Each structure stands twice: as structure tokens, then as C-alpha cells.
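Beneath this line is the structure, given in C-alpha cells, with notes to follow.
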Amino acid sequence: MSKRKFGGIGFVIAVILVVLVYKGVINTPEKVTNSVQVEKTQEDQNKKADNISNEQKNGSKGTSDNQRVSVQLTRAVDGDTIKVLYKGKEETVRYLLIDTPESKKPGTCVQPYAKSASEKNEQLVSSGDLSLEFDNGNERDKYGRLLAYVFVDGKSVQETLLKEGYARVAYIYEPTYKYLDQFKQDEKIAQENDLRIWSNKGLVTDRGFNGCAADVKKSKY
């Protein structure tokens with residue numbers, strides 16, 4: 001085949017390719033890249049829209065931090081109760097799922113470790129930014145107190161009291177408490193190490209605590 005004929009065929013092929021590209025039948029590398037970018041951008045936008053929709057349905061982003069409400073401490077009452085400013089009003093907060101020895105209950109003596117539990121609680125709630133987290137079920141008990149998990153700078157006050165032997169797991173009325181399993185593990189740590197309330201056999205019962213402070217044996221901690 002002569003060079004002239006070969007050149008003619010090449011010219012025809014080139015013209016055909018130009019026409020196909022112009023009509024969109026064939027995409028250039030640039031168009032392919034732009035198409036991929038457009039599709040990725042659209043996918044990202046769809047994901048973002050889905051996330052916003054889910055947040056609106058759930059009322060939050062689904063993390064515990066976003067479910068917590070900042071409050072201001074007014075005073076610690078005892079080992080498992082505090083008073084705070086909540087929505088512009090002073091409210092009493094009863095800690096969910098834990099119980100500490102009584103120190104101020106009418107008709108009840110000051111129980112073993114009640115004073116130290118109260119002092120520890122006051123130390124914890126006074127040490128940083130305070131927040132409450134509510135669980136499923138009633139937000140208040142029959143006395144009108146708020147029922148909540150209490151956090152200081154994001155750390156659970158209940159967990160600290162349980163781990164260090166100041167409190168027992170108690171008042172389990174609903175099977176869906178979000179921190180129940182964790183609290184039981186924390187309690188077990190204190191039990192296994194005979195910390196405070198667990199250092200005196202017979203002190204802790206299913207209904208509370210036995211005895212008065214004068215009867216307590218000296219803890220090894």
C-alpha cells in the first residue's frame with residue numbers, strides 16, 4: 001500500500017474519531033475523570049444527607065456525649081445525691097443504678113462508710129464540668145428527683161464510686177439500662193479487692209446496708 005493511500009485512511013479514521021467524541025459516543029480521558037469526580041461528589045452529598053436525616057430522627061448524633069446536659073452544681077447532698085441548676089431551676093439528682101450508705105435518711109443511723117462516700121462524691125462533682133445523662137424510662141422518681149448518670153469532664157461519677165468500693169449496684173427496675181453491665185463489672189472489681197463497703201462481711205445486703213458507723217471494722221484501704 002502506498003504512503004498516500006495509508007495517509008488517506010488515517011485521515012478518515014481521525015475524522016470519524018473527532019465526530020464520535022463530539023457526539024459523546026467516546027469520552028476523552030478528561031471527560032472520564034470529570035465524570036468520576038461528579039459521581040463521587042454526588043455520593044458524598046447523598047451520604048451527608050442520610051446522616052443529617054438520621055440525626056434529625058434520633059435527636060442527636062447517637063453518641064453519649066451529645067445526649068448529656070451541662071448543669072451547675074449547687075451542693076452535694078450525700079454519696080449518691082446532688083443538687084444542681086437544671087433549666088434555670090435547682091433540682092435534686094439521684095444517681096441511677098447505685099446506692100451508697102445512708103448518712104442523712106430520717107430514722108436511720110449514719111451507716112458505715114456513709115461519710116467517706118459523701119466526701120468522695122463531693123470531691124468528684126466539684127472537680128470539673130458537670131453533666132447529666134438520662135436513660136430510658138422515667139426521668140424522675142416518685143419523690144420528684146431527677147434520675148441520671150452523672151459525669152465530670154466526661155468521666156462517670158457512678159463508675160468511680162463503684163470501683164472504689166463506696167457504692168453498690170441497686171434499684172434495677174428496667175432491663176435496658178445502658179450502663180448496667182459496666183456498673184456490675186465495676187462493682188465486681190471492688191468486691192474482689194474487699195474495698196470499703198465490701199471489707200466488712202454482712203454490711204451490704206440486697207436492700208441496702210446493715211449497721212451503724214460505730215460498728216464498722218477498719219478497712220484495709
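Start counting the sequence shown at 1; every next residue gets the next number (UniProt numbering).
All residues carry an ideal CB built from backbone N, CA and C; glycine is no exception.
Note that the structure is predicted; figures quoted are calculated from it, not measured.
In whole angstroms, what separates the C-alpha of residue i from that of residue j?
| i | j | result |
| --- | --- | --- |
| S156 | G107 | 31 angstroms |
| P101 | F183 | 17 angstroms |
| L96 | L132 | 11 angstroms |
| residue 222 | G211 | The chain is shown from 1 up to 221; residue 222 falls before or after that span and cannot be answered. |
| Y149 | G208 | 20 angstroms |
| A214 | T160 | 25 angstroms |
| G59 | Y166 | The predicted model places G59 with a pLDDT of 35, which falls under 50 and marks its position as unreliable; any figure quoted below should be read in that light. Looking at the two C-alpha atoms, the distance is approximately 35 angstroms. |
| P112 | Y179 | 26 angstroms |
| Q158 | F151 | 8 angstroms |
| T74 | A170 | 25 angstroms |
| S53 | D78 | Low confidence applies to S53: its pLDDT is 40, below 50, so where it sits in the model is not reliable, and the reading given next is rough at best. Taking the straight line joining both Cα atoms gives about 43 angstroms. |
| L195 | S126 | 23 angstroms |
| I189 | Y86 | 33 angstroms |
| K104 | I82 | 13 angstroms |
| V69 | V84 | 12 angstroms |
Give the DSSP-derived three-state secondary structure of residue i in the structure shown.
| i | result |
| --- | --- |
| V125 | helix |
| F183 | helix |
| E98 | Looking at the sequence itself, residue 98 is Ile, so the reference to Glu does not match. I98: strand per DSSP, three-state reduction. |
| residue 263 | With the chain covering 1 to 221 only, the question about residue 263 has no answer from this structure. |
| L161 | helix |
Can you have a look at residue i and say buried or exposed, based on whether 16 or more other CB atoms are within 10 angstroms of its CB?
| i | result |
| --- | --- |
| D153 | exposed |
| K163 | buried |
| N121 | buried |
| D99 | buried |
| K174 | Per the sequence presented here, residue 174 reads as Glu, with Lys not at that position. Exposed. |
| I172 | exposed |
| I16 | exposed |
| N200 | buried |
| D186 | buried |
Looking at chain B, is there any beta carbon in it that lies within less than 8 angstroms of the beta carbon of residue i?
| i | result |
| --- | --- |
| Q158 | Absence of chain B from the displayed structure is noted, only one protein chain being present. |
Among the options, which one has its Cα closest to the Cα of residue i?
| i | options | result |
| --- | --- | --- |
| N138 | D78, K87, G88, Y177 | Y177 |
| R168 | D129, L146, D80, Y143 | D80 |
| K89 | P175, D206, K188, R145 | R145 |
| T92 | R68, L130, Q191, R140 | R140 |
| A117 | K142, R68, V84, A76 | A76 |
| Q67 | K104, D135, I13, R94 | D135 |
| K142 | R94, E187, E119 | R94 |
Which residues does DSSP list as the beta-bridge partners of residue i?
| i | result |
| --- | --- |
| K83 | R75, T92 |
| E133 | Y149 |
| R207 | In the DSSP output, where bridge partners are listed per residue, R207 has none listed. |
| V169 | I98 |
| S156 | F151 |
| R196 | DSSP, once it has assigned bridges, lists no residue as partnering R196. |
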